[in-house]
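Enquirer: The following block contains the structure, expressed as structure tokens.
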């Protein structure tokens, strides 16, 4: 474990050095991420300007949900999504060869290669906004609730990561599946809506969307002091299940991996 | 003209070259539409009218944006920036065809494919949810809608190409293009009709080019515009078309002088 921690620290430093070498990229991407977050909040403000609520979630609840979404999705994009987006390219170029021969978990290495620092700014700004909004609305969140929120948020991150890893692993068989990343980004986007909004969707599609919704809805439910036990149990089971599947599936897929003559 | 039609046909075939990737893309497009549709389905279930729209007209608007998106906003000219940065532009400059005409017909091929499948995706949502829909029967409104769609198609083409020409000055085109796409998604009426903005904001947006990409043609289709609004909209649209066309030609000439064919 210490070894993995040291390697991850080195990866973070290397990515930070790259950030400093391409500063205009960092500014552009940070600005885009913040604008996107702002648009999401403005959308909620507009949609609830006449109704006051959507799917039994008040305007304030929906804004808090969107901010929680920005916090945890920001963390997800920072830690995982860039690396997973590059996975088809790594496989196609044969760079995976160098990773699977190292004395470390190849899944860990492909997952943590790239750190997307602009998303960290998005997360920090969202945390500040959440604290400000909670104090403005006089919503008291106990210490135990905060700890549970962070725990369930991290649980949601592991769930999202596991699903992403399983889906992106298919690139080992077909490196031209470049649309998988955009497909997963779209599914992530569903998590900024409340789960109650999808109750009208009596279709197999709900099975696809539910894990993403629960991953982010759960921390918001705790902050808002809404019932969350059934969602917590469901998310726990899903997280353990998908995480184990992601490890098994990655190792299974590697058996089919044929090098690109590196 | 034949050579450009072949470009459009080749674009179509290129899209189908990797079929599984294509299926993922269409499934993703369906999910995007589903997310917005469910949001508005949920909102319109709570009340008979919202923002001055009945459930019938609001859901028609939302499904209409999907079809409009594939006609107006879909395209391949986002590759112009990479084309310039990689030096591939040089190949186009020595070929006997217009650069922008090439991208226009490439866009047309992409739009045709997008529209073909968007019709099926919208039909699938209609089959699942059975929403009430408004069908325009007034021929005048239908002709006017088609006119504004064509104007919107050219307007987006000029704006999008202009963004791509940033490639002459910067290796980083992704940022400005993403920002452009975000602004378009928000201010063109892709997620909601623009008249839900506060009146002062909406009044300002009426004079912007974004309003005429998705929102205004759909409002014409819904028959919710007066004759004076149609005339005003037409002239504003024409102004922006002319403005962006001349900007595009000017920036293209300046960019070509600077072009160094790096990468080739």
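Residue numbers (the working numbering), protein chains in the order written: chain A, 1 to 262; chain B, 263 to 526. Yeah, the Cβ is synthetic: ideal placement off N, Cα and C, and Gly gets one too.
How would you list, in chain order, the residues of chain D whose beta-carbon sits under 9 Å from the beta-carbon of residue 24 (chain A)?
Expert: In summary, chain D is missing from the structure at hand, where the protein chains are A and B.
Enquirer: Restricting to Cα atoms, I'd like to know which of A:12, A:244, A:113 and A:225 is closest to residue 143 (chain A).
Expert: To locate residue 143 (chain A), count along the first chain from 1; it is residue 143. Measuring from the Cα of residue 143 (chain A), the nearest candidate turns out to be A:225.
Enquirer: Measuring straight from C-alpha to C-alpha, what distance separates residue 266 (chain B) and residue 363 (chain B)?
Expert: Taking the first residue of the second chain as position 1, residue 266 (chain B) is located at position 4. Taking the first residue of the second chain as position 1, residue 363 (chain B) is located at position 101. Their Cα atoms are separated by approximately 8 Å.
Enquirer: DSSP three-state call for residue 316 (chain B): helix, strand or coil?
Expert: On the second chain, residue 316 (chain B) is found 54 positions in, with the first residue counted as 1. DSSP places residue 316 (chain B) in strand when its eight states are reduced to three.
Enquirer: For residue 174 (chain A), return the contacting residues in chain B, with the cut-off set at a CB-CB distance below 9 Å.
Expert: Within the first chain, the letter at position 174 stands for residue 174 (chain A). The contacting residues are 280, 282 and 283.
Enquirer: Do the segment 76-83 of chain A and the segment 244-259 of chain A make contact, defined as three or more Cβ pairs closer than 8 Å?
Expert: no
Enquirer: Any beta carbon of chain A sitting closer than 8 Å to that of residue 511 (chain B)?
Expert: Translated into positions along the second chain, residue 511 (chain B) becomes position 249. No, its Cβ sits nowhere closer than 8 Å to a Cβ of chain A.
Enquirer: By the criterion of Cβ-Cβ separation under 9 Å, what are the contact partners of residue 50 (chain A) in chain B?
Expert: The count along the first chain starts at 1 and reaches residue 50 (chain A) at position 50. Within 9 Å Cβ-Cβ: 309, 312, 313 and 458.
Enquirer: Helix, strand or coil for residue 311 (chain B) per DSSP?
Expert: Translated into the one-based positions of the second chain, residue 311 (chain B) becomes position 49. Strand, per DSSP.
Enquirer: Sort A:132, A:175, A:38 and A:45 by Cα distance to residue 94 (chain A) and report the nearest one.
Expert: Numbered from 1 along the first chain, position 94 holds the residue referred to as residue 94 (chain A). Nearest of A:132, A:175, A:38 and A:45 to residue 94 (chain A), Cα basis: A:175.
Enquirer: Just mark residue 511 (chain B) as buried or exposed, buried being the case when its beta carbon has 16 or more other beta carbons within 10 Å.
Expert: Against the second chain, residue 511 (chain B) aligns to sequence position 249. The residue is exposed, with fewer than 16 neighbouring Cβ atoms inside 10 Å.
Enquirer: Note down, in chain order, each residue of its chain lying with its Cβ closer than 7 Å to the Cβ of residue 428 (chain B), except the 5 sequence neighbours on either side.
Expert: Counting from 1 along the second chain, the entry for residue 428 (chain B) is found at position 166. Correct list, in chain order: 343, 435 and 438.
Enquirer: Assign residue 382 (chain B) to one of two classes, buried (16 or more other C-beta atoms within 10 Å of its C-beta) or exposed (fewer than that).
Expert: Counted from its first residue, the second chain places residue 382 (chain B) at position 120. Result: exposed.
Enquirer: Is there a Cβ from chain B that is less than 8 Å from the Cβ of residue 55 (chain A)?
Expert: In the first chain, counting from the first residue as 1, residue 55 (chain A) sits at position 55. Yes - at least one Cβ of chain B is within 8 Å of the one on residue 55 (chain A).
Enquirer: By a C-beta neighbour count over all protein chains shown, 10 Å radius and 16 as the cutoff for buried, is residue 420 (chain B) buried or exposed?
Expert: The residue you call residue 420 (chain B) lines up with position 158 of the second chain. Per the 10 Å Cβ criterion, buried.
Enquirer: Check for me: the alpha helix (DSSP H) holding residue 348 (chain B) runs from which residue to which?
Expert: What you label residue 348 (chain B) is simply residue 86 of the second chain in a count that begins at 1. Note, residue 348 (chain B): premise wrong, no alpha helix (DSSP H); not H, not E.
Enquirer: How far does the alpha helix (DSSP H) with residue 29 (chain A) in it extend, from its first residue to its last?
Expert: To locate residue 29 (chain A), count along the first chain from 1; it is residue 29. Unbroken alpha helix (DSSP H) run through residue 29 (chain A): 23-51.
Enquirer: Assess contact between the segment 342-361 of chain B and the segment 313-327 of chain B, defined as three or more Cβ pairs (one per stretch) separated by less than 8 Å. Is contact present?
Expert: no
Enquirer: Specify, as a first and last residue, the run of the alpha helix (DSSP H) that residue 192 (chain A) falls within.
Expert: Stepping through the first chain from its first residue, residue 192 (chain A) is reached at position 192. Unbroken run through residue 192 (chain A): none, as it is neither H nor E.
Enquirer: Counting only C-beta atoms, is residue 320 (chain B) closer than 8 Å to chain A at any point?
Expert: Against the second chain, residue 320 (chain B) aligns to sequence position 58. Residue 320 (chain B) does not count as touching chain A.
Enquirer: Decide if residue 132 (chain A) is buried, meaning its Cβ has at least 16 other Cβ atoms within 10 Å, or exposed.
Expert: Within the first chain, numbered from 1, the residue matching residue 132 (chain A) stands at position 132. Exposed, because fewer than 16 other Cβ atoms sit within 10 Å of the Cβ of residue 132 (chain A).
Enquirer: For residue 349 (chain A), write down the residues that DSSP places opposite it in a beta bridge.
Expert: Since the first and last residues shown for chain A are 1 and 262, residue 349 (chain A) lies out of range.
Enquirer: Does the contact criterion of 3 or more C-beta pairs under 8 Å hold for the segment 322-330 of chain B versus the segment 345-352 of chain B?
Expert: Between the segment 322-330 of chain B and the segment 345-352 of chain B, the count of Cβ pairs shorter than 8 Å is below three; the stretches do not touch.
Enquirer: With 16 as the cutoff for other CB atoms within 10 Å, does residue 138 (chain A) come out buried or exposed?
Expert: Your numbering for residue 138 (chain A) matches position 138 in the first chain. Taking all protein chains shown into account, residue 138 (chain A) has fewer than 16 neighbouring C-beta atoms within 10 Å of its C-beta and is therefore exposed.
Enquirer: Roughly how many whole angstroms lie between the Cα atoms of residue 284 (chain B) and residue 384 (chain B)?
Expert: Looking up residue 284 (chain B) in the second chain gives position 22. Looking up residue 384 (chain B) in the second chain gives position 122. Their Cα atoms are separated by approximately 18 Å.
Enquirer: Can you look up residue 207 (chain B) in the DSSP assignment and give me helix, strand or coil?
Expert: Outside the shown range of chain B (263 to 526) lies residue 207 (chain B), about which nothing can therefore be said.
Enquirer: Buried or exposed: where does residue 287 (chain B) fall if 16 or more other Cβ atoms within 10 Å of its Cβ makes it buried?
Expert: Position 25 of the second chain, counted from the start, is the residue given in the question as residue 287 (chain B). When all chains shown are included, residue 287 (chain B) counts as buried.
Enquirer: At a CB distance below 9 Å, what residues from the segment 5-38 of chain A approach chain B? Give them in sequence order.
Expert: Here the close residues are 22, 24, 25, 27, 28, 29, 31, 32, 35 and 36.
Enquirer: Are the Cβ atoms of residue 126 (chain A) and residue 67 (chain A) separated by less than 8 Å?
Expert: In the first chain, counting from the first residue as 1, residue 126 (chain A) sits at position 126. In the first chain, counting from the first residue as 1, residue 67 (chain A) sits at position 67. A contact, by the Cβ cut-off of 8 Å.
Enquirer: What number of angstroms, rounded off, separates the C-alpha of residue 51 (chain A) from the C-alpha of residue 305 (chain B)?
Expert: Walking along the first chain from the start, residue 51 (chain A) turns up at place 51. Walking along the second chain from the start, residue 305 (chain B) turns up at place 43. Between residue 51 (chain A) and residue 305 (chain B), the C-alpha separation is close to 8 Å.
Enquirer: Mind checking if residue 324 (chain B) is an interface residue toward chain A, Cβ cutoff 8 Å exclusive?
Expert: Within the second chain, numbered from 1, the residue matching residue 324 (chain B) stands at position 62. Chain A, which has no Cβ nearer than 8 Å to the Cβ of residue 324 (chain B), makes this no.
Enquirer: Of all the CB atoms in chain A, is at least one closer than 8 Å to the CB of residue 365 (chain B)?
Expert: The residue you call residue 365 (chain B) lines up with position 103 of the second chain. No, no contact with chain A.
Enquirer: Determine, using beta carbons only, whether residue 340 (chain B) comes closer than 8 Å to chain A.
Expert: On the second chain, residue 340 (chain B) is found 78 positions in, with the first residue counted as 1. Closer than 8 Å: no.
Enquirer: Indicate whether residue 290 (chain B) and residue 179 (chain A) have their beta-carbon atoms separated by less than 8 Å.
Expert: Along the second chain, one-based indexing puts residue 290 (chain B) at 28. Along the first chain, one-based indexing puts residue 179 (chain A) at 179. Yes; because the gap between Cβ atoms is below 8 Å, this pair is in contact.
Enquirer: Residue 197 (chain A) versus chain B: which residues are under 7 Å apart at the beta carbon?
Expert: As a working note, residue 197 (chain A) is residue 197 in the first chain. Per Cβ cutoff of 7 Å: 300, 301 and 304.
Enquirer: Of all the residues that make up the segment 178-189 of chain A, which are near chain B by a beta-carbon distance shorter than 8 Å?
Expert: 178, 179, 180, 182, 183, 186, 187 and 189
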